[in-house]
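Asker:
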Amino acid sequence: MRIQRVNIRGFGAIHDMELELSRPMTVLYGPNEAGKSSVLYFIRAMLYGFPGRTQSAQRGEPQDGGVHGGELSLVDEKGSTWIIRRFTRPPEGSVAGGKMERVSVTVRDSAGMVTEVGQQEMERDLLSGVSESMFRQLFAISLSELQEIRTLQSDEMNRYLFHAGIGGGNGIVRAERKLNQEMDKLFKPRGRVQESAKIVQDIEQLRGRIAESRSYLQQYNQVISELSEIDNGLSTLEIRRHRNMHELVLYRKAMEIRPLWLSWKEDNLEWSTLPDSSFFPLDGLNRWEMMTEEHRNLEQRSIRIQKADGDISSRLESLPENQLLERLGPQIEDLWSKRPMYLAGQTEKGELEAEYRLLNDRLYRILQDIDDSWTPDHLASLKVSASQREDIRRMGASFAGYDRRMETLSLEHRGAMRALAAAESSLREAQRSLREETERGSSHFFMIKPSNPRETLTVWSKLQLEAERWREERLTRSTSGASQLQEPLQKGMLPSYRKLLTGLIILTVLLPGVLLWTGAVEAAAASAVLLLGSDLYMWWNGRREQSLITSSGNVYGADGGIGNVGEKVVSSLMNALVEDPYAASTAENTLRRGQSSGQDRSSVDPVVMETRLRELRKLMEDWQSWQQRLGRLTAEVSTAEERVSEQNSELIHTERVIQQEEKRFLELEQQWENWLKARLLPNRLSPDAVMDILNWSEQGNELIRQLESLKIKIEKLTHEEERYEEDCLLVIREMGLGETTGSSLLEGVYQQWLGYKETMQERKLLSARTAELLTEAAEVADEILKLEERMQVLLKACGVEQEEEFLRLGAAAIRCDELERSVRHAEVAMFSGWNSEDRGQLEFILEQSDASELERRCQDQEEASSADDKVRDELQERRGRLLQEKESLEQKGLQEDALQQLEEKQSALKDIVVQYAVRSIGTELISRTRKFYEEEKQPHVLRLASGYVERLTGGAYIRVLMRMGDQMLLVEQKDGTVIESARLSRGTAEQLYLAMRLALAELMPHKEKIPMVLDDIFVNFDMERLGYALQLLAEVSSTRQIILMTCHDHVVKMMRELHPSVQIIEM
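So this is what it looks like as structure tokens:
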């Protein structure tokens, strides 16, 4: 997976920024607050959504309140393009869904098919199920997150960190921890809460109890005797105390009820003096008062009835009679009831006439809209079937489809033009870069004689071989004895040739691979052929030297003739390779040294020769780097040319499709004109216009049908109106009134009838009221007679004849009831809950004692009860002490139980010792197993991280370990010293954490290689280790996209030197 384009509409302080990430490794370079961290947060937000408002910095809401969000374009391993658009609110200002976000994820595969997917499908298919926390911890990190080792110890990360080796060792750690806990529960050297310590204390206590248990028998018997005496005294005291408490309760109760008892005695005396009223009815007085009141009400009601009957008779005599109105009344009522229908008919008739005129106007406008010469007959004659309508719709759809296709093709044509212009611009830029690089190299390497790079490499290889031989000759001349030469000869080749051949083989493998990776295929093939030829030449020359040395026995003589030959060969090759500006000075220096030392003038100074070789080697290294850049730029020019060709072909294809669409449109237009001509319609009409005419035709026909229906309704309403007016005029003529028309028709007659109708209703109501009053008067007289009979019956039942005697007897009966209730209430209040014996004692006390005597006796009983309670408490307290002493003596005297408990405790202590020994041995075995796991069974991710750490630290640390117990990261130095990560320096610790993240990312089983975004994580790296880190990231970028953010200029310079093809974007 690779991030292709970042389009930030609004995020933090960034607005309308678009970044094209076209290289495997991209560096975003800029000062502080340029927006580098905002790009990191933006990528996170585009993939997993905007964080909550509590994380305002990472949420990145614009301060000016503009558009918040943007677009992210990615390419997966299959070549499909994913475009993610996410905004907190739409650009138009409408409100989004529940999370206040609008998300759109579209996928365009290699075939051009576009599909829209959701957030879950994107995380599953594009991000391979990587969660937001995993992405934040591993793939998009800043310096603060890099420094936190806790982010590498989450549950989700541990699944990958411990999937091999250590994962099986977790059970060992848990077993060791559990055994240690069980051992601590059994025994600690100074512990007091362990089970073994408690058993030892119990054993000591039991031994002491056994020694003291024989001296308590006499004391135990004395305690038993005292307890018996105290129990007898308590029994006697309890009987006397119960008797005193009973008497105290009687006296207190007597004092409490004495006022109520006196009132009870008075009520009994009064009750005995009242006359006998047992035969008087319970509610006699109430019944008598009710009957008296009812008799009085009936007499008043009879008077009111007589008065109302007289008033009604006077009113009936004053009301008039009209026989004509009575006869015509029903007919007038019938006509008046029909009057609303008559008025409604007139209103409806007016509305229908207005509607008729309105519809007629609409019909006229429809005809005018269709054509000025059209009439209703034309509308009736225009008939189109459903199939013909479908033909018209199909024609309209064809025209609309042509418009849409032309619009799409126009957009594609403009897009192809822009793409072609962009491709041509890229081609010109690539050609310009190639031309500038060629000119720069030509001016810099003008002294190299061979014009062909292959020849130059061949001469340079020969020169290196001859220089190495020359050094070997000099070294051999400085040593003596042929025995020192025989050992390397027996190995098959001279040591110098073996080393040089090994270096050339390594260069043969690496250089073509690097050129092939950069896209310079031709340069890779040429360098491979040249380097392979150099390898073969070196191997042949080494064999030849071996054979010469073997045959002659001593290659180098004392006169150094062969050394002079080697110097000449090296000088000739140097002159063949480059134009030597130092030849004159070198010859002069050589001549002076020859004259002063007496040596051969033809020899060359070795120091000068070595100096020239070093300068030439540096020059050739720069020349080879320049050749690599030329090869890469040539490949870029070829790619740009191919892209221009593809865009040009696409533009030609688009233009050809546009011409075909225009030809198809002309054929379709001719077919439509023929269709209109066949139906006698103007040829200027479009399908939409014909459909509108058909719709208007249907509307016009419908209006004609509605007009005919309205005409029939109007005629019917006119006929009903005329018939109603004739009936009204007949009634008016019969009553001899003046004729009227319009809305006032029959109104005067009906008002006259209403007046007389009220009079008739009143006469009827008065007659009915008179009959009701007569009936009511008879009922009142009957009720008075019955009431008088009931009153006489009540007097006879009480044995009296006069009302006064009845009232006196009723008052006596009421007083008797009151006294009876008062006596009963007093008895319940005084003696409720008391038996007959206690009640008799209480009445005797009340009869014999007054209030002062009762109070004195109560005080005496309370004093006696208080003294008894005090004595009882003392005895109880003494008895409790003796019982405690008895129990203590009984416990101390149980010697046999103590011996048995002592045996049990000693046996339990032996079991604990055995269990502790077993667990101790198990702990030792598990500890050895854990050490074996820590040393031999480290996960593959730690082995891979070890290689990364060794490269990042320049070999200072060679291995990464993880301790099983606390999962602490450890690093091992060259000498075998193991250091915890917490004891490392900040820079080294950050290099360790970076290596762990690179290893985890590499070993995760994801089908998509998720890009890594690193925000300024090299702050604490020195220059040497910074170079190691950048070189490692450059290698990782070959399989995984790397986006690096920095504000340091030296990081950018070093990246350009180590990896020239990196993309650098300045912000």
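Each residue of the sequence shown is one higher than the last, beginning at 1 in full-length UniProt numbering. Cβ atoms here follow ideal geometry from the backbone N, Cα and C, with glycine treated the same way.
Just verifying my parser: in three-state terms, what is the DSSP assignment at Gln-4?
Answerer: strand
Asker: My understanding is that residue 1107 touches Ser-527, with C-beta atoms under 8 Å, so please give their C-beta distance in whole angstroms.
Answerer: Limits of the chain in this structure are 1 at one end and 1067 at the other, which puts residue 1107 out of reach.
Asker: Output the distance between the C-alpha atoms of Met-691 and Gly-345, rounded to the nearest integer angstrom.
Answerer: 41 Å
Asker: Any idea what DSSP makes of Met-968, helix, strand or coil?
Answerer: coil
Asker: Met-1067 to Thr-654, Cα distance in whole Å?
Answerer: Taking the straight line joining both Cα atoms gives about 38 Å.
Asker: In angstroms, rounded to a whole number, what distance separates the CA positions of Pro-91 and His-68?
Answerer: For Pro-91, the predicted model reports a pLDDT of 43, less than 50, meaning its position is unreliable; a value from the coordinates is still stated below. Approximately 9 Å, taken between the alpha carbons.
Asker: Decide if the region 452 to 463 is in contact with the region 686 to 705; the criterion is three or more beta carbon pairs, one per stretch, under 8 Å apart.
Answerer: no
Asker: Could you tell me which residues DSSP pairs with Gln-1063 in its beta bridges?
Answerer: Thr-26
Asker: Here's the rule: buried if 16 or more other CB atoms are within 10 angstroms of the residue's CB, otherwise exposed. What is Ile-845?
Answerer: buried
Asker: Checking the sheet assignment: what are the DSSP bridge partners for Ser-142?
Answerer: Ser-142 is bridged to Asp-1015.
Asker: Quick one: Cα of Leu-819 to Cα of Asp-267, how far?
Answerer: If you take the alpha carbons of Leu-819 and Asp-267, they lie about 6 Å apart.
Asker: Taking Cβ positions, are Pro-1011 and Gln-1041 nearer each other than 8 Å?
Answerer: yes
Asker: Just curious, the beta strand (DSSP E) that Trp-82 is in, first and last residue?
Answerer: 81 to 87
Asker: Can you look up Thr-106 in the DSSP assignment and give me helix, strand or coil?
Answerer: strand
Asker: Buried or exposed: where does Glu-18 fall if 16 or more other Cβ atoms within 10 Å of its Cβ makes it buried?
Answerer: exposed
Asker: Beta-carbon within less than 6 Å of Met-1045's beta-carbon, same chain only, minus the 5 sequence neighbours each way: which residues are those?
Answerer: Leu-28, Lys-36, Asp-1015, Asp-1016
Asker: Does the distance from the CB of Asp-889 to the CB of Val-223 come in under 8 Å?
Answerer: It should be noted that the sequence gives Leu, not Asp, for residue 889. Yes.
Asker: Going by the CB atoms, is the gap between Thr-953 and Arg-997 shorter than 8 Å?
Answerer: For Arg-997 and Thr-953, no; Cβs fall outside 8 Å.
Asker: Is the beta carbon of Lys-265 sitting closer than 8 Å to the one on Leu-842?
Answerer: no
Asker: State buried or exposed for Val-1062, treating a residue as buried only when at least 16 other CB atoms are found within 10 Å of its CB.
Answerer: buried
Asker: Could you pull the start and end residues of the alpha helix (DSSP H) that Gln-448 belongs to?
Answerer: For clarity, residue 448 is Ile in the given sequence; the question names Gln instead. Here Ile-448 belongs to no alpha helix (DSSP H), and DSSP marks it neither H nor E.
Asker: Report the partner residues of Thr-115 according to the DSSP bridge assignment.
Answerer: Val-107
Asker: Between which two residues does the alpha helix (DSSP H) carrying His-719 extend?
Answerer: Segment 687 to 734, the alpha helix (DSSP H) holding His-719.
Asker: Between the C-alpha atoms of Gly-208 and Glu-182, what's the straight-line distance to the nearest angstrom?
Answerer: 31 Å
Asker: Quick check: the region 10 to 17 against the region 55 to 66, are there 3 or more CB pairs under 8 Å?
Answerer: yes
Asker: Going by other Cβ atoms of all chains shown within 10 Å of its Cβ, with 16 needed for buried, is Ser-775 buried or exposed?
Answerer: The amino acid at residue 775 is misidentified as Ser; the sequence shows Thr. It is exposed - the Cβ of Thr-775 has fewer than 16 other Cβ atoms within 10 Å.
Asker: Can you tell me whether Thr-611 is buried or exposed? The criterion is at least 16 other CB atoms within 10 Å of its CB, across all chains shown.
Answerer: Exposed, because fewer than 16 other Cβ atoms sit within 10 Å of the Cβ of Thr-611.
Asker: Which residues mark the beginning and the end of the alpha helix (DSSP H) in which Val-960 is found?
Answerer: Boundaries for Val-960: no alpha helix (DSSP H) harbours it, while the beta strand (DSSP E) harbouring it runs 957 to 962, taken from the DSSP string.
Asker: Give the range of the alpha helix (DSSP H) segment to which His-15 is assigned.
Answerer: Note, His-15: premise wrong, no alpha helix (DSSP H); beta strand (DSSP E) at 14 to 20.
Asker: Three or more C-beta pairs closer than 8 Å, one from the region 656 to 672 and one from the region 356 to 374: is that the case here?
Answerer: no
Asker: Taking Cβ to Cβ, would you say Gln-861 is nearer than 8 Å to Asn-244?
Answerer: Contact flag set, yes.
Asker: Between Ser-534, Leu-72, Glu-77, Gly-79, which has its C-alpha nearest Arg-86's C-alpha?
Answerer: By alpha-carbon distance to Arg-86, the top candidate from Ser-534, Leu-72, Glu-77, Gly-79 is Leu-72.
Asker: Pair every Cβ in the region 346 to 353 with every Cβ in the region 710 to 721, then say whether three or more of these pairs are closer than 8 Å.
Answerer: yes
Asker: Under a Cβ-count criterion, where at least 16 other Cβ atoms within 10 Å of its own Cβ denotes burial, should Asp-369 be classed as buried or exposed?
Answerer: By the 16-neighbour rule on beta-carbons within 10 angstroms, Asp-369 is exposed.
Asker: Per DSSP, Met-1045 forms a beta bridge with which residues?
Answerer: Leu-28, Asp-1015
Asker: Which same chain residues end up closer than 6 Å to Leu-379 when comparing Cβ atoms and leaving out the 5 residues on each side of it in sequence?
Answerer: Ser-697, Gly-700, Asn-701
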